[in-house]
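Trainee:
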Amino acid sequence: MVEPSIRCPQCGTTNPLQAQFCMRCGTALVQRCPTCGRANPSGAQFCLQCGAPLQGTGAAERRVVTVLFADLAGSTRVTRQLDPEPMRALIARFFAAMREEITRYGGTVEKFIGDAVMAVFGVPAAHEDDPERALRAALAMQRRMASLNAELDADLHLRIAITTGEVVADLLAAAAGQFMVTGEVVNFAARLQAQAPPDGIVMDNRTCEATRHAIAHEPLPPLEGEEFGGRPRFRVTGLTDKPPARRLQAEMIGRDEEMQFLTALYRRVVEGHHPHLVTVVAAAGIGKTRLVEEFLQGLKHGDAPPHILRGRCPAYGEGLTYWPLAEMLKQECDIKDNDPLAVAGQKLHDGVLRVCAPVLGSDESEMLADDLATIVGTEIPRDYDTLWKTRLARLKTLVDGRPVAVRDPSVGSETRHSSEVVLHSLRGFLYARARSGPLVLVFEDLHWAEQSLLELLERLTARGGEAPMLILCLARPDLLERHATWGVRLREYTALTLSPLSPAHSARLITEALRGTVLPTDVRDAVLSRAEGNPFFLSEIMSRLIDEGSLRHEGGKWKWVSRSLDIRIPDTIQGLLLSRLDLLSPLEKRVIQDASVVGRIFWPGAINAVDSLSPDETAAAIARLAERDLIEERPASSLAGEREFAFSHTLIREVAYTTLPKTARSEHHRRLANWLQESAPDHGEEFLEILAHHLEHAWRYRFETGDHADELARDAVDALRRAARWATALGTLPEARRLYERALTIVRSAGLHADATLYAELLTDHSDVVKWMSAPATVFASTETVLQLAQQIGRDDLLARAWLNRAFAEYD
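If you count by the UniProt record's numbering, then the sequence shown holds residues 1 to 812, one letter each, in order.
1) Give the single residue among Arg191, Thr279, Gln142 whose Cα lies nearest to the Cα of Gly225.
2) Extract the residue ranges of the alpha helix (DSSP H) inside the region 282 to 369, only unbroken runs of 4 or more that lie entirely within it.
3) Could you tell me the alpha carbon to alpha carbon distance between Thr378 and Asn338, rounded to whole angstroms?
4) Am I right that Thr572 and Glu540 are in contact with their C-beta atoms under 8 Å? What's the rounded C-beta distance?
5) Quick one: complete alpha helix (DSSP H) runs, 4+ long, within the region 521 to 566?
6) Could you say which of Ser679, Ala646, Arg643, Glu704 lies nearest to Arg665 if we only look at CA atoms?
7) Short check: CB of Pro503 to CB of Leu528, under 8 Å?
8) Let me know the secondary structure DSSP gives Pro219 once reduced to three states.
9) Using the Cα positions of Ala432 and Arg63, report the straight-line distance between them to the nearest angstrom.
10) Could you tell me the alpha carbon to alpha carbon distance between Ile380 and Val355, rounded to whole angstroms?
11) I'd like to check one pair, Ala196 with Ala250: are the Cβ atoms closer than 8 Å?
12) Taking the Cβ atom as the reference point for each residue, do Met98 and Val117 lie within a distance shorter than 8 Å?
13) Just to confirm, are Val280 and Leu498 a CB contact at a threshold of 8 Å?
14) Indicate the three-state DSSP secondary structure (helix, strand or coil) for Cys22 in the structure shown.
15) According to DSSP, what are the bridge partners of Lys111?
16) Could you tell me the distance, in whole angstroms, from the CA atom of Phe808 to the CA atom of Lys771?
17) Take the Cβ of Leu48 as the centre, count every other Cβ of all protein chains shown within 10 Å, and call the residue buried at 16 or more, exposed below.
18) Using beta-carbon positions only, say whether Asp199 and Arg233 come within less than 8 Å of one another.
19) Go ahead and pull the three-state DSSP assignment for Met145.
20) Below 8 Å, can you find three or more Cβ-Cβ pairs linking the region 418 to 426 to the region 294 to 312?
21) Beta carbon of Arg653, beta carbon of Arg600: below 8 Å?
22) Tell me Ala60's beta-bridge partners as DSSP assigns them.
23) Below 8 Å, can you find three or more Cβ-Cβ pairs linking the region 592 to 608 to the region 146 to 156?
24) Thinking C-alpha only, which one of Leu577, Thr785, Thr461 is nearest Asn805?
25) Count the other CB atoms, across all protein chains shown, that sit within 10 Å of the CB of Thr521; report buried if there are 16 or more and exposed otherwise.
26) For Gln792, count the other beta carbons within 10 Å of its own beta carbon; 16 or more makes it buried, fewer makes it exposed. Which is it?
27) Identify the continuous alpha helix (DSSP H) that holds Glu512 and give its terminal residues.
28) Starting from the C-beta of Gly465, find all residues in its chain whose C-beta is less than 7 Å away, skip the five residues before and the five after it, and write them out in chain order.
29) Beta carbon of Val422, beta carbon of Leu457: below 8 Å?
30) Round the Cβ separation of Thr103 and Val120 to the nearest angstrom and send it over; I've been treating them as touching at under 8 Å.
31) Where does the unbroken beta strand (DSSP E) through Phe234 begin, and where does it stop?
32) What's the C-alpha gap between Thr778 and Ile201?
33) Tell me the rounded alpha-carbon separation between Ser562 and Thr163.
34) What number of angstroms, rounded off, separates the C-alpha of Asp755 from the C-alpha of Arg714?
35) In whole angstroms, what is the alpha-carbon distance linking residue 832 and Glu110?
36) Going along the chain, which residues of its own chain have a beta-carbon closer than 7 Å to the beta-carbon of residue 854, five neighbours each way excluded?
As C-alpha cells, then:
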C-alpha cells in the first residue's frame, strides 16, 4: 500500500502527509486558511475545513502570450480516400511532428482539435522573444510538413496564424497539459488561420511589431467584417538577417570608463601574448551589446586590429551545446546555412587547412578538420587514399596518447567525441589562427550556455598557450546565479559589471535620439521614471510613443502631440521582465505579486496582511528576491517596527502586478486598506491618499469584472474625499481637484449619484477647489446640478455654497 504523501512545490521532494516543512529544502508545505486557520497543503485552492478560497495561491494569471493556430488543408479529401485506421495513423504522425517542433522552440501545445493544433508561447513560462519563437516554430512546422508529405506520399498543406495579446492563463492547468488560456486573441488566431493560404503563415500587427528584426514579411489586405474590424495582417516570407533601420539612433553615452577598461585589457592581451577571459555582466537592456560593438569598432581602427569571430548561445533547441563554436567556424570558413552537406564539409576542410597547415602541418590539420566537422555538423569529403592516410595518422596519435574522436561504424558517419577532443581540436585551430594576429572571440548570451561549454571556455583560457586571444562573453546576472564560480579559478579572468545610466545620461540619450528635440519636461521625466537608466527600455518606450502617435515627426523635428502621460509597457519589455519572474519558485512569485499590489515600496507586514503566508515564509521569499536583485531593502522605514523594501525597477513591479487577475487585485487592495488603517492609526492624514488609492482600485477591479460593489464604492469615495480635504488644507489644489474628480468618477460609474445628498456634497466640495483654478465653466456646470439637488433634499447650506461659488467664478 502506498503511503499518503505531499510533494514540495519548491524542490519536488515527496514528504510524509503530516509534514509541515520539506525535509530536503525546508519550504513550508502548508498554508493557513485566513477564515478558519486550518493548515492546507501548499497549492490548495480552497480550505479543506471550511471551503473558503485560499487567496494568493492563484494559478490564474493575466499575461501577454503568442498564440499559434495551425490547421491541415486538404485533409477532408484524404479522409474520403483512406480507411479510418491509416488516416488515424497519419494524423497521429502529424500531431507528433508538430508537437516536436512547437516544443523545440519553447511553446506549449494547448490542444489538438480534429486536424488542427493550438499552441501557446509564454505559458507556463514566458520568454522575452515569445512572438519570434512562435514564428520560428511555424516555419519549422511548414518544413516538417513538406518532409511528412514526402515520407507518406501525401498531399497535405498547413495553414498557420499567429497572434499576440493578453489572456487569462491557468498555470496549474498548463503544467498538467490541460486547457489553459482564455482571451479574444485566441479567437482571433482561429479566425485568422481560416483565412490563411495553404502552406502560408499569417500574423497580426502586434506579432509583426515584435519580430520585425528577425522575420521577413509582407503586408496583406486587411480582412473586412465585424469579426476582423479591418485589422492589419502580414504574410511571413522567412527569416531575415538584415536588422531593420532604427528610427531612433544615438551615440553611446555614459560608458567611457568601461571602454577605456576593455581597451587597456586588450592591449595587455596583445602585449602579453596570452589568452584572457572577460565577462560583461548586466541586466537585459543595460547596454552590453552596444558597449562591445563600439569597443570592437574601435579596435578595427586601432594599432593592432584583431580578427573577430562571433557566436551566440541560443535560448531554445536541442543538441546546441557547441552552437556558438559552430557559428565561429562557419564564419571563418564562409559556410552558409543553406550549403549542401558536401559543400559545407569541403569549405570547412579548406578553411581549417588554410589556417592550420602553415603552423601545425598538413597531417595534424587534416585530423583537426575531421574533429571540428563534428562541431559544425558536417563531414569532410575524403578520397580513398586520403581517408586511409588520415586514419593512420589518427592511430599514431592514439598511441601517443592524444585525445581523438573515435568513429563508430554502428552510427554511420557520426562521431562520438569527448570534451577533450573538442578542447584539443578547438585549441589547435584557435592557436593557429592567433599566430597571424590578435584574435577576439565574442560569445553572446552566455547565460543560456550549458555547463559543458562554460567548462570548455575556462579550460581554453587556462591552456590556450602563447596566443593573443581575448575571449569576450556577454551575460546577464542569471549566469552567476546558476554558475557562481564561473571564471573565478582562472588567473586570466575579469568580470565587468554595467550599471544603469545616470538620469543626466539618460536625458541626454533621449535628446540625441530625437536629433536635438527637447521634450516637454513632464514628458521627459515620465519616460525617465519608467526606464530608470535602462537604454533598451528608453528606446522601446520612445518607439512605442511613436507607434501610437504620441510623438510625431513634423518639419524635421519630433513633436509631442498627446495630452496623456499614460505610458504603457511595450510587449518587448513585458516579455523580458516576465521571463525573469517565471524563473522564481511558486512562493517567491507569490510574494512578489503580493508586494506589487502594495506599491514600489512595501513592508513584510503588508504582504502578510493580503495573503495567508506565515511571517517566516514571507521573510524567506523576500531574502531570495533580494538575492536576485529584484528588490532591495531601504536603510530606514516609514513604519515603526517594519522593515521597508523597494522594487529594484519600477517596471518589475508593474509587470508582476499585471499578472494578477483583477479579482485577486481587488481583494488584495481591500485587505491592504484594512491593514493600513490598523497599522498607522496615528498617521491617518499621511496615509490618506495611499488608503484612497487601495480602496479605489479594490472597487475598480470588482466593477470591471461585473460587480458594482456599492459598499466598496462608498468606502472608496469617502477615502478620496478625506484625502482631497487634506490636500486642500495643505494648499495642493491641483491634487485636491484630481482626488475629487476620481471620487466623482466612482459615484457616476457605480450609480451612487442616485444618492442626492452624497452627489451634491461631493460636487460642492469639488467646486470649492476648482473656483480657485480659473475654470468657471466647470464651476457653473457643477453648481447648476447642486442647486437642483439641494432644493430637492432641503439643504440650504449647499444652496448657499453653490451661489457663492458661482459668484466667485463669474467675478473671476
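Built from N, CA and C at the ideal position, the CB exists for glycine as well.
Mentor: In brief:
1) Arg191
2) 288 to 300, 323 to 333, 341 to 360
3) 12 Å
4) 5 Å
5) 521 to 531, 535 to 547
6) Glu704
7) yes
8) strand
9) 51 Å
10) 16 Å
11) no
12) yes
13) yes
14) coil
15) Met118
16) 7 Å
17) exposed
18) no
19) helix
20) no
21) yes
22) Asp170
23) no
24) Thr785
25) exposed
26) exposed
27) 503 to 513
28) Tyr431
29) no
30) Going by Cβ atoms, the distance from Thr103 to Val120 rounds to 12 Å, so no, they are not a contact pair.
31) 233 to 239
32) 53 Å
33) 28 Å
34) 11 Å
35) The displayed coordinates of the chain run from 1 to 812. Any statement about residue 832 would go beyond what the structure contains.
36) A question about residue 854 goes unanswered here, because the residues of the chain that appear run from 1 up to 812.
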